[in-house]
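Notes follow once the structure below has been shown.
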Amino acid sequence: MINYAEYILRSYFRATEWNPDAQYSNLNRASAAILDFYPPQALSVSLSSCPTQAFASSCSLSILPSLSGSLAYLASSIDLPKDKPSLHSLVHTFNISALPKKPEYDPSRKDQLLYGQLHLPSSRLHSLYTRRLSPQSQLLISSISHPRPPTREEPSEMYITYQKDQGNYASELSYSVADGMASASSLFHFGLIDKNYRENSESSISDNKVVSSKRIDEDPDGDGSTGLKGHFSLGGEIYASAQEKSAGVSTGLRFQTLPETQSPPTVLVALLSPITGYLSGTYSATIAKGLSVASRFEFNLYSYESVTTLGAEWAIPRSHPDEDEYFDENLQEMVKPHPEEGTISLLNQGAASLAIQDVRHTNQNTTTKSSTPIPLSASAAINENDPIQGYLKARMTTEKSITLQYAGRLKSMLVSLGLVADLSNPHKPVQSIGLELQYLSPGNEPN
Numbered sequence: 000m001i002n003y004a005e006y007i008l009r010s011y012f013r014a015t016e017w018n019p020d021a022q023y024s025n026l027n028r029a030s031a032a033i034l035d036f037y038p039p040q041a042l043s044v045s046l047s048s049c050p051t052q053a054f055a056s057s058c059s060l061s062i063l064p065s066l067s068g069s070l071a072y073l074a075s076s077i078d079l080p081k082d083k084p085s086l087h088s089l090v091h092t093f094n095i096s097a098l099p100k101k102p103e104y105d106p107s108r109k110d111q112l113l114y115g116q117l118h119l120p121s122s123r124l125h126s127l128y129t130r131r132l133s134p135q136s137q138l139l140i141s142s143i144s145h146p147r148p149p150t151r152e153e154p155s156e157m158y159i160t161y162q163k164d165q166g167n168y169a170s171e172l173s174y175s176v177a178d179g180m181a182s183a184s185s186l187f188h189f190g191l192i193d194k195n196y197r198e199n200s201e202s203s204i205s206d207n208k209v210v211s212s213k214r215i216d217e218d219p220d221g222d223g224s225t226g227l228k229g230h231f232s233l234g235g236e237i238y239a240s241a242q243e244k245s246a247g248v249s250t251g252l253r254f255q256t257l258p259e260t261q262s263p264p265t266v267l268v269a270l271l272s273p274i275t276g277y278l279s280g281t282y283s284a285t286i287a288k289g290l291s292v293a294s295r296f297e298f299n300l301y302s303y304e305s306v307t308t309l310g311a312e313w314a315i316p317r318s319h320p321d322e323d324e325y326f327d328e329n330l331q332e333m334v335k336p337h338p339e340e341g342t343i344s345l346l347n348q349g350a351a352s353l354a355i356q357d358v359r360h361t362n363q364n365t366t367t368k369s370s371t372p373i374p375l376s377a378s379a380a381i382n383e384n385d386p387i388q389g390y391l392k393a394r395m396t397t398e399k400s401i402t403l404q405y406a407g408r409l410k411s412m413l414v415s416l417g418l419v420a421d422l423s424n425p426h427k428p429v430q431s432i433g434l435e436l437q438y439l440s441p442g443n444e445p446n
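In numbering that gives the first Met the number 0, the protein residues as written are 0 to 446.
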């Protein structure tokens, strides 16, 4: 399920025309929706409210196995969305991201967003501040604060990130105050649709004419015999810590099909960190209508240890025959790009990351990890014309770990069920079973 902070960021980035998928830190986001989902592991209830278009609040309560909760508030310089969302926009799902392009944004606008979440009874505070500096750059500051003197297990932290997007490439600078970790990354995009094709395509649609120009990666015959039509992204990251006296580097390559082609939606990613010896390859694709699969192979060049992860995601359609018109037989319908689908997860290889990653798995002082509530337009009733009834996800690894999750709706409530099992432990194969209920306040429905 989409948590409080992440749904806000999606809405904010969409309104400010920012594409987080263009960054190197989100190189592997498509498969992460299938292979790295986090099911509820407790009994939790949450309620969100959006009294004004610039302010939102939320509260959550986790009952089992321990009692805990949180209060969250948000303020934004832009109007928060009031439209009824589809279930697809409230769940992490596999999809092909939009083609990178240079942001076109009013330079006179300096939009900003401020978010804070207080966890109880630990009194731990999470905060996030983001500000648009220019049409092609933005600043993010996130922090974790503890009321008592921080310990090595629970340190206070602050992350500062500067991002820039030039269309054909994107760069990112990050700094972690606690351990002095600094990092720099860039991602270059190749094989994109050229500007002339985009302009000709837009004019031909309005005139109902056939576009004569081709994609720059399309074969001359145009019969699709060359296979998948897509583009490549190549990038790298370097990071160093003065306190830990360590440094590292990583590089990655991604291929993904173009959003509007007839090719099956497919994403291939290869990552390498030569200093740590980490090597991984990921494949994810939609193989049938509403059914996506993913696999990941991780290998250490020094210890020769390896882990293979397999996952699947099924979008369960609504059973009402009169709603079949909302379905699109094209495979791309289930995975077409959504501008609000960007996430902000940074630096998987040990460099500084935004505190929102910690917010994503909240309440670390408890023995569970429960999701935070859904705000803003998610607080309105879910779109009644939504063709999707729910999402069923499954993941298993060679370490004999199995994870299941169902996310769906029950009238004006979002329901998430989760199960985590470890078959290598014969005495306790079922590690956790969780249920999360998120109430969508009817008072927030649009007029």
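Don't be surprised by glycine CBs; every beta carbon is placed ideally from N, CA and C.
All figures in this text were calculated on a predicted structure; none of them were measured in a lab.
query, result
"I need the DSSP call for Arg-295, collapsed to helix, strand or coil.", "strand"
"Which stretch, first to last residue, makes up the alpha helix (DSSP H) that contains Arg-28?", "28-34"
"Is DSSP giving His-87 helix, strand or coil here?", "helix"
"For Glu-398, which of Ile-387, Ser-411, Lys-410, Pro-428 has the nearest alpha-carbon?", "Pro-428"
"Report buried or exposed for Ile-274, applying the criterion of at least 16 other Cβ atoms within 10 angstroms of its Cβ.", "exposed"
"Looking at the secondary structure, which residues open and close the beta strand (DSSP E) in which Phe-187 lies?", "180-189"
"In chain order, what residues of the same chain lie with their CB nearer than 7 Å to the CB of Leu-34, ignoring the 5 residues before and after it?", "Ala-293, Arg-295, Thr-308, Gly-310, Arg-394"
"What residue range is occupied by the uninterrupted beta strand (DSSP E) comprising Arg-253?", "245-256"
"In terms of residue numbering, what span does the beta strand (DSSP E) encompassing Ile-143 cover?", "136-144"
"Any idea what DSSP makes of Pro-19, helix, strand or coil?", "helix"
"Between which two residues does the beta strand (DSSP E) harbouring Phe-231 extend?", "229-240"
"Given a threshold of 16 other Cβ atoms within 10 Å of its Cβ, counted over all protein chains shown, does Arg-108 qualify as buried or as exposed?", "exposed"
"Between Tyr-168 and the rest of its own chain, which residues show a CB-CB distance below 7 Å, the 5 nearest in sequence each way excluded?", "Ser-185, Leu-186, Phe-187, His-188"
"Quick one: using the 10 Å Cβ neighbour count with 16 as the cut-off for buried, is Gly-433 buried or exposed?", "buried"
"Between Phe-231 and the rest of its own chain, which residues show a CB-CB distance below 8 Å, the 5 nearest in sequence each way excluded?", "His-188, Phe-189, Gly-190, Leu-252, Arg-253, Phe-254"
"8 Å is my cut-off, CB to CB: does Ile-387 come that close to chain D?", "Looking at the structure shown, chain D is missing, and only one protein chain is on hand."
"Within its chain, find whatever has a CB closer than 7 Å to the CB of Gln-22; leave out the 5 residues flanking it on each side and keep chain order.", "Gln-162, Ala-169, Glu-171, Leu-186"
"List the residues that DSSP assigns as beta-bridge partners of Asp-164.", "Ala-169"
"Applying the criterion that 16 or more other CB atoms from any shown protein chain within 10 Å of the CB defines a buried residue, is Tyr-301 buried or exposed?", "exposed"
"Report the rounded CA-to-CA distance for Ser-182 versus Pro-386, giving the unit in angstroms.", "42 Å"
"Classify Ser-378 as helix, strand or coil using the three-state DSSP reduction.", "For Ser-378, the predicted structure reports a pLDDT of 32, less than 50, and the residue's modelled location is therefore unreliable. The matter cannot be settled from this model."
"Could you tell me the boundaries of the beta strand (DSSP E) in which Gly-115 lies?", "111-119"
"Mapping DSSP to helix, strand and coil, what is Phe-54?", "strand"
"Could you give the DSSP three-state label for Tyr-301: helix, strand or coil?", "coil"
"Between which residues of its own chain and His-426 is the CB-CB distance below 8 Å, once the five residues before and five after are set aside?", "none"
"When we look at the beta-carbon of Arg-147 and count the other beta-carbons within 10 Å, is it buried (16 or more) or exposed?", "exposed"
"Taking 8 Å as the threshold, find out whether the stretch 30-45 comes into contact with the stretch 399-410 through three or more Cβ pairs.", "yes"
"Can you give the beta carbon distance from Tyr-438 to Ser-45, rounded, assuming they're within the 8 Å contact cut?", "7 Å"
"If the criterion is Cβ atoms closer than 8 Å, does the pair Leu-227 and Ser-283 meet it?", "no"
"Pick helix, strand or coil for Glu-259, following the three-state DSSP scheme.", "coil"
"Rounded to the nearest angstrom, what separates Leu-271 and Gly-247 at their Cα positions?", "11 Å"
"Could you tell me the boundaries of the beta strand (DSSP E) in which Gln-388 lies?", "387-396"
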